[in-house]
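**Student:**
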Amino acid sequence: MMETAVAARVLITGVSRGLGRAMLHAFAAQGMVVCGCCRSKQIAEELSSSMARPHSVRDVDVTQESQVADWARELESQDALPDLLVNNAALINRNAPLWDVPVEEFHKLVEVNVSGVYHMTRHFVPKMMASGEGVIVNFSSAWGRTVAANVAPYCATKWAIEGMTKALALEIPAPLAAIAVNPGVINTDMLQSCFGEGAQAFPTAEAWVEKAVSFLLALGREHNGMSLNIP
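In terms of the working numbering, the sequence shown is residues 102 to 332.
1. Less than 7 Å between the beta carbons of Ser-149 and Ser-157, yes or no?
2. Does the region 293–305 come close enough to the region 261–275 that 3 or more CB-CB pairs lie under 8 Å?
3. Using the Cα positions of Met-102 and Ile-262, report the straight-line distance between them to the nearest angstrom.
4. Quick one: Cα of Ala-197 to Cα of Ala-153, how far?
5. In terms of alpha-carbon separation, which member of Gly-326, Leu-318, Pro-284 and Leu-320 lies closest to Gly-119?
6. Scan the region 231–287 and note each continuous beta strand (DSSP E) run of 3 residues or more that stays entirely inside, going in chain order.
7. Going by beta carbon distance, what residues of the same chain come within less than 6 Å of His-224, once the five residues before and after it are set aside?
8. Have a look at Val-331 and Asn-239 and give me their C-alpha separation to the nearest angstrom.
9. Could you compute how far the alpha carbon of Arg-246 sits from the alpha carbon of Met-291?
10. For Ser-151, name the three-state secondary structure that DSSP assigns.
11. Three Cβ pairs or more, each shorter than 8 Å: is that satisfied between the region 313–330 and the region 248–262?
12. Helix, strand or coil for Val-215 per DSSP?
What follows is the structure, encoded as structure tokens:
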């Protein structure tokens, strides 16, 4: 089990809203040094200005490998590589049968939800291996283990995350760990896009994060390759 004091640095993708933004502030409140990224330069600057150093938020699009590579090199040069990497950035398609999902929308989901995680893995995990420690959490979904109508592209990408994470777990050396984590059903913009008003029945990101932070900080090598759920 990872002690909280060990996870001195947490890196989170997709912090502009929802779970990512809630985790950004919650980990910082727990005494972690938090680095986050989002696509919007304006939001990144606003979040950075609201958080005292050494916390930081950068405008990095995880679908752009060169941007991820530059960010990894920058953090390495600052001795700020993560002890806990949370690949949170994701999109969901607008509710529609698979054949009605626009080609551009389908490809964008794959780019963010799958390629984005690959880019983060490619440029951060070898550096974490060199440092000899680290936990990689790839956010999956209940729809990465089951399916539902009208969200087939999202299901496909989250099933991919499950498989990619389990394979990665076989490749990384101890004491590193790679874990697929289903965050649960939370009332975010993403859930509202597919549940509509029904999303109001579920906890907010601010309520969810109270349990999520302690759960994520407790993950370690003994969880390598597992598919877990945040309670």
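Here a beta-carbon is modelled for each residue, glycine too, at the ideal position from N, C-alpha and C.
**Tutor:** Inspection of the coordinates gives the following:
1. yes
2. no
3. Bear in mind that the predicted position of Met-102 carries a pLDDT of just 43, short of 50, making it too unreliable to give a figure here.
4. 43 Å
5. Pro-284
6. 236–240 and 278–283
7. Val-169, Ala-170 and Ala-173
8. One point to set straight first is that residue 331 is Ile, not Val, in the sequence displayed. Approximately 13 Å between the Cα atoms of the pair.
9. 18 Å
10. helix
11. no
12. helix
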